[in-house]
Every structure is written in C-alpha cells, then in structure tokens.
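Asks: 195 is the number that the numbering used here gives to position 188 of the sequence shown; each next residue is one higher, with no gaps. For glycine and all other residues, C-beta sits at the position ideal for the given N, C-alpha and C. Keep in mind that this is a model prediction, so the values were computed, not measured.
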Amino acid sequence: MCGRYVQTTPPASLARLFRTVNPVPNHPPSWNVAPTQEGLVVRFNPQTRARHLDPLRWGLVPRWAEDPSIGSRMINARAETLATKPAFRDAYRKRRCLVPIDAFYEWYAPPGSRTKQPYAVALASGEPMALAGLWEGWRAPDGTILRTFTVVTTDANPRLALLHERMPVVVAPEDWPLWLGEEEGDPARVLKPSPAEAFAVWPVSTRVNGTRANDASLLDPLPGVPSIPGLGEATGPPPTLAVAPPP
Numbered sequence: 008m009c010g011r012y013v014q015t016t017p018p019a020s021l022a023r024l025f026r027t028v029n030p031v032p033n034h035p036p037s038w039n040v041a042p043t044q045e046g047l048v049v050r051f052n053p054q055t056r057a058r059h060l061d062p063l064r065w066g067l068v069p070r071w072a073e074d075p076s077i078g079s080r081m082i083n084a085r086a087e088t089l090a091t092k093p094a095f096r097d098a099y100r101k102r103r104c105l106v107p108i109d110a111f112y113e114w115y116a117p118p119g120s121r122t123k124q125p126y127a128v129a130l131a132s133g134e135p136m137a138l139a140g141l142w143e144g145w146r147a148p149d150g151t152i153l154r155t156f157t158v159v160t161t162d163a164n165p166r167l168a169l170l171h172e173r174m175p176v177v178v179a180p181e182d183w184p185l186w187l188g189e190e191e192g193d194p195a196r197v198l199k200p201s202p203a204e205a206f207a208v209w210p211v212s213t214r215v216n217g218t219r220a221n222d223a224s225l226l227d228p229l230p231g232v233p234s235i236p237g238l239g240e241a242t243g244p245p246p247t248l249a250v251a252p253p254p
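(1) Taking three-plus beta-carbon pairs below 8 Å as touching, is the segment 81-99 in contact with the segment 209-219?
(2) Any idea which residues DSSP pairs N83 with across the strands?
(3) Alpha carbon to alpha carbon, what distance is there between R50 and P18?
(4) Following the continuous alpha helix (DSSP H) through R23, name the residue where it begins and the one where it ends.
(5) For G143, name the three-state secondary structure that DSSP assigns.
(6) Helix or strand or just coil, what does DSSP make of G287?
(7) What residues are listed by DSSP as bridge partners for I108?
(8) Throw me the rounded Cβ distance for the N221 and S37 pair, which I believe falls under 8 Å.
(9) Out of H59, A195, P42 and G188, which has the shortest C-alpha to C-alpha gap to S79?
(10) Looking at the C-beta of V232, does it have a partner C-beta in chain B at a distance below 9 Å?
(11) Name the two residues that bound the continuous alpha helix (DSSP H) containing A72.
(12) As a quick exercise: from V128, A72 and I108, pick the residue whose alpha carbon is nearest that of A137.
(13) Taking the alpha carbon of R100 as the point to measure from, which residue in A110, T88 and Y115 has its own alpha carbon closest?
(14) Cβ atoms of V106 and F156: under 9 Å apart, would you say?
(15) So, at 8 Å on beta carbons, what are the nonlocal neighbours of G239 in its own chain, with the 5 sequence-adjacent residues on each side left out?
(16) If L67 sits next to Q14, beta carbons under 8 Å apart, how far is it from one beta carbon to the other, in whole angstroms?
(17) Please list the segments of the alpha helix (DSSP H) lying wholly inside the segment 160-206, counting only runs of 4 or more residues, in order along the chain.
(18) Under 9 Å between the Cβ atoms of T160 and R85?
(19) Classify A57 as helix, strand or coil using the three-state DSSP reduction.
(20) Comparing C-alpha positions only, which one of Q124, T151, V177 and Q44 sits nearest to L231?
(21) Using the rule of at least 16 other Cβ atoms within 10 Å of the residue's Cβ for burial, across every protein chain shown, is W186 buried or exposed?
(22) Using the C-alpha atoms, what's the distance from R154 back to G192?
(23) The alpha helix (DSSP H) spanning R102 covers which residue range?
(24) To the nearest angstrom, report how far apart P228 and Y126 are at their CA atoms.
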C-alpha cells in the first residue's frame, strides 16, 4: 500500500536525474503528499521520444469515468491485475510513468492495540526512489483535461511485510526505459518487491495522520517506540535524504 509519501527533492534536481526536457515545474516540496493532491510525475512522449516532468493529481481517473470522484479510490493499482482490470489495463499498455519520491509512510498496529504507529520508509542510500505508476487524461464536460496517476503496488518484501502486506513497486534506474516504454520488452518484469536491505525504516509522529501537517519535522524519528521483531534497528532517515530544497 502507498497512501502518503514525501516529495522534497527540488524539481530541477529531478529534471536532471530523470533527464526530462520540458521547462522545470514550479512545484513546492511536500512532506505529506495525500490522495487527490498533486505530485510530480515523469512521463515519456512516444512522438518526441522525450521525458517530461509534470504535476499530476494523485488518484487515477479512467477515461470512461462519469466524474473524477472515482480517483480517490484509485490511488494504488495492484501489479497482479494491471493487465486485466478495466480501470488500469489501457494505461498499463500505453501510459506508464515514474513517480519520484523521497520516502513513503506506512502504519503499523501493534498486537492488541487499536492505535496505529506511522513509520517512514526511504532508500537506505538516501536517494530518491522511482515508483512504478500509471497515468490518464480525463476529459471534463467543459473540455478541460484532468491528468491523474496511480502508484503500482506488489507483495511486500519480508521486512516491510511486518508493517503492511503490500509495498509500492520501486523501479531500478536500469529499468526506467522499459517501464516508461522507451525500450521494447515486458514491463511486468519490474513488478516485484525490492530487497529488504535497500530500505531504512523508522517510527515518526502521528502528526502525519492529518493531511494539514506538512513540514520537515514529520520525518524526525520518534523516540521510545517499541521495536518490531524482525524489522531491524530503526536508525532514522539516511543522512543524505533530501528533506528540503537547498537555499
């Protein structure tokens, strides 16, 4: 599952990393991107053979939808049914994208407790991760186009499965061309969990539960949280994690 994420690497840095060619969007950092909000997405234009970095709304609205409200229920797409589910199969064939993020949040309910503890998950290297996504363009009755995206999920690796049975698909840099459609091949090859050792995981404040909370302190490690057997030591965010744009 992926229900909230962090996107704070400056757009100009993302443009360089993903080699996009369009004007760099003026998009603010967010430590708490929530469904129906905008996030930066990398797309490939098959006509120009170029990558673009653009803000799209999170929550895919299929082209056949009667109204955009369905998008709030389409924030994730299961890897196992991308090719068959009507909401996603056309986008899976033609409109795959990458969603660059710096971390995502997951919630864990200790046995016997009704209170869920949020955890932040980032690459141990501190580098941005590129999530597998799909995008769509929905035409409103007035002719305007709403562009939206969803994040693809798969079975969690054994470590992250302690938090949730699902995790977002993280696409390795060498697979970006395949997933974007720049190269021929079966995109299903990338639909697998990333190795457990690739991630840093640590508990954070329940402030992240509210969508209005949005500042760098959301990533601060929360002391005093009992460890989860098998999860490993919670060390906090990697030192190189981009938590704010440079001055």
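Replies: Let's see:
(1) no
(2) The count along the sequence shown starts at 1 and reaches residue 83 at position 76. N83 pairs with V158.
(3) For the purposes of this step, residue 18 is taken as the residue at position 11 of the sequence shown. For the purposes of this step, residue 50 is taken as the residue at position 43 of the sequence shown. Rounded to the nearest angstrom, the two C-alpha atoms are 14 Å apart.
(4) The residue labelled residue 23 in the question sits at position 16 within the sequence shown. First-last of the alpha helix (DSSP H) with R23: P18 to F25.
(5) Here the question's residue 143 lines up with position 136 in the sequence shown. Note that residue 143 corresponds to Glu in the displayed sequence, not to Gly. Reduced to three states, the DSSP call for E143 is strand.
(6) Because the chain spans 8 through 254 in this model, residue 287 falls outside it and cannot be assessed.
(7) Within the sequence shown, the letter at position 101 stands for residue 108. For I108, which the question treats as bridged, DSSP gives the partners M136.
(8) Taking the first residue of the sequence shown as position 1, residue 221 is located at position 214. Taking the first residue of the sequence shown as position 1, residue 37 is located at position 30. 6 Å between Cβ atoms; contact.
(9) As a first step, residue 79 is located in the sequence shown; it is residue number 72 there, counting from the start. With distances taken between Cα atoms, S79 lies closest to P42.
(10) Judged by its chain identifiers, the structure shown contains no chain B, having just a single protein chain.
(11) Against the sequence shown, residue 72 aligns to sequence position 65. Element bounds for A72: n/a, residue is neither H nor E.
(12) Translated into positions along the sequence shown, residue 137 becomes position 130. When each option's Cα is compared against that of A137, the closest is I108.
(13) For the purposes of this step, residue 100 is taken as the residue at position 93 of the sequence shown. The shortest C-alpha separation from R100 is found at T88.
(14) Sequence index remark: in the sequence shown, residue 156 carries index 149 (1-based). Sequence index remark: in the sequence shown, residue 106 carries index 99 (1-based). A contact, by the Cβ cut-off of 9 Å.
(15) Position 232 of the sequence shown, counting from 1, holds the residue named residue 239. Hits under 8 Å: R166 and V208.
(16) Here residue 67 refers to the residue found at position 60 of the sequence shown. Here residue 14 refers to the residue found at position 7 of the sequence shown. Contact doesn't hold; Cβ gap of about 17 Å is too wide.
(17) 183-187
(18) Position 153 of the sequence shown holds residue 160. Position 78 of the sequence shown holds residue 85. It is a contact, given that the beta carbons lie within the stated cut-off.
(19) Within the sequence shown, numbered from 1, the residue matching residue 57 stands at position 50. Strand at A57.
(20) For this step, residue 231 is matched to residue 224 along the sequence shown. A quick correction: the sequence has Gly, not Leu, at residue 231. Closest option to G231, Cα to Cα, is Q124.
(21) The residue given as residue 186 occupies position 179 in the sequence shown. It counts as buried.
(22) The count along the sequence shown starts at 1 and reaches residue 192 at position 185. The count along the sequence shown starts at 1 and reaches residue 154 at position 147. The straight-line gap from Cα to Cα measures roughly 26 Å.
(23) Taking the first residue of the sequence shown as 1, we reach residue 102 at position 95. Premise fails: R102 is in no alpha helix (DSSP H) and is neither H nor E.
(24) Sequence index remark: in the sequence shown, residue 228 carries index 221 (1-based). Sequence index remark: in the sequence shown, residue 126 carries index 119 (1-based). Spanning the two alpha carbons is a distance of roughly 9 Å.
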